[in-house]
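Reading the sequence shown from the start, the letters are residues 168 to 406 in this note's numbering. Ideal placement from N, C-alpha and C gives every residue a C-beta, glycine not left out. Beneath this line is the structure, given in structure tokens, with notes to follow.
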Amino acid sequence: MRFASALAIPVGLVLWSAPVAANPSAGLELSADRYRSILGPVPQPGGKVERDDLVILRWNQRTRYPEAVIHSWKFLNRYVGTFDAAVGGNMAKSAPKLSKGLMSFLKIIDTVKKELKKGHQRPRPFISHGDIKPCLPLQSSFSFPSGHSAWYASTALLLADLMPERHERLMHVGRQGGYARVYCGLHYPSDVLAGERFAKAITADIIASTQWQSFRKQVKPEVVKLLQSPPAGLPLLSN
Numbered sequence: 168m169r170f171a172s173a174l175a176i177p178v179g180l181v182l183w184s185a186p187v188a189a190n191p192s193a194g195l196e197l198s199a200d201r202y203r204s205i206l207g208p209v210p211q212p213g214g215k216v217e218r219d220d221l222v223i224l225r226w227n228q229r230t231r232y233p234e235a236v237i238h239s240w241k242f243l244n245r246y247v248g249t250f251d252a253a254v255g256g257n258m259a260k261s262a263p264k265l266s267k268g269l270m271s272f273l274k275i276i277d278t279v280k281k282e283l284k285k286g287h288q289r290p291r292p293f294i295s296h297g298d299i300k301p302c303l304p305l306q307s308s309f310s311f312p313s314g315h316s317a318w319y320a321s322t323a324l325l326l327a328d329l330m331p332e333r334h335e336r337l338m339h340v341g342r343q344g345g346y347a348r349v350y351c352g353l354h355y356p357s358d359v360l361a362g363e364r365f366a367k368a369i370t371a372d373i374i375a376s377t378q379w380q381s382f383r384k385q386v387k388p389e390v391v392k393l394l395q396s397p398p399a400g401l402p403l404l405s406n
């Protein structure tokens, strides 16, 4: 659109929203007890689930290759910008209010997740099984559910609620954030699946909240901007 044409847009048609609150999630309280049954029991040491987990972990370890390891490192940190390619925009630059506000909801999710981990206290696979050699930095926190899986799946689901047009692409990145933890031996597959179940349940509660619905309306102008794809189209996403 030409600059002169933009000035000619009638005032009544300009997209507008109220300022986003400093903490759009304020007042939203979610209890860990609500999600314990969704996680299910921790797989028993030496049980069938753990044995199946170890088959996958050991196969991944035998078949690792450099490009896939580097790909896993892309998900080392929990950073909303990891989803930029899926969205097709620079969220930090084009949607700063969305990015900052989203983190306030994700902080609630992380607090609940930490409480759930304390109740389960499953050791990491490389701690219980000396032959598992992680290809990402070691962590000493408990294993069940996977915090990375919960964070990436939750971020994908919340962004998909804001941008349903990008749902499939966002979920692809969200899954990769969890799978990388299994590929590099930091989590059992069952940890990652539990993180995804938790994410699905808690984001459904968040999306239904008045806080999220208000936030959704407030960031609509930024969402419109983000959905303007690059001239060459959306990039292909790697596995």
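DSSP three-state assignment for R390, whether helix, strand or coil: The sequence given here has Val at residue 390, not Arg. Of the three classes helix, strand and coil, the one that applies to V390 here is helix, per DSSP.
Buried or exposed (CB count within 10 angstroms, at least 16 for buried), S321: buried
Own chain residues within Cβ distance below 7 Å of P356, not counting five before or after: D220, I223, V349
Inter-residue Cα distance where the pair is V359 and P397: 33 Å
C-alpha distance - Q306 paired with E217, whole-angstrom precision: 20 Å
P208 in three-state terms, based on DSSP: coil
Sub-8 Å separation of V390 and M338 beta-carbons: no
Sub-8 Å separation of G362 and S316 beta-carbons: yes
Environment of A175 [buried if 16+ CB atoms lie within 10 Å]: Its pLDDT being 33, under 50, A175 is placed unreliably by the model, and nothing is read from it.
Nearest-angstrom Cα separation, counted from H354 out to F170: Because F170 sits at a pLDDT of 28, beneath the cut-off of 50, its placement in the model cannot be relied upon, and the following sentence gives the value as read from the coordinates. Rounded to whole angstroms, F170 to H354 spans 52 Å at the Cα level.
Secondary structure, alpha helix (DSSP H): runs of 4+ residues fully inside the segment 305–329: 314–329
Closer than 8 Å to chain B by CB, R342: Here chain B cannot be found, since the structure has a single protein chain.
Three-state class that DSSP yields for R333 in the structure shown: helix
A347 vs S239 beta-carbon contact at 8 Å: yes
Helix, strand or coil at G179 according to DSSP, with G and I counted as helix: At G179 the pLDDT is 34, less than 50, meaning the model places this residue with poor confidence; the figure from the coordinates comes in the next sentence. Correct three-state label for G179: helix.
D200 - containing alpha helix (DSSP H), residue span: Here D200 belongs to no alpha helix (DSSP H), and DSSP marks it neither H nor E.
C-alpha distance - S172 paired with K387, whole-angstrom precision: With a pLDDT of 31 at S172, under the threshold of 50, the modelled position of that residue is not reliable, and the figure given next carries that caveat. Answer to the nearest angstrom: the Cα atoms are 22 Å apart.
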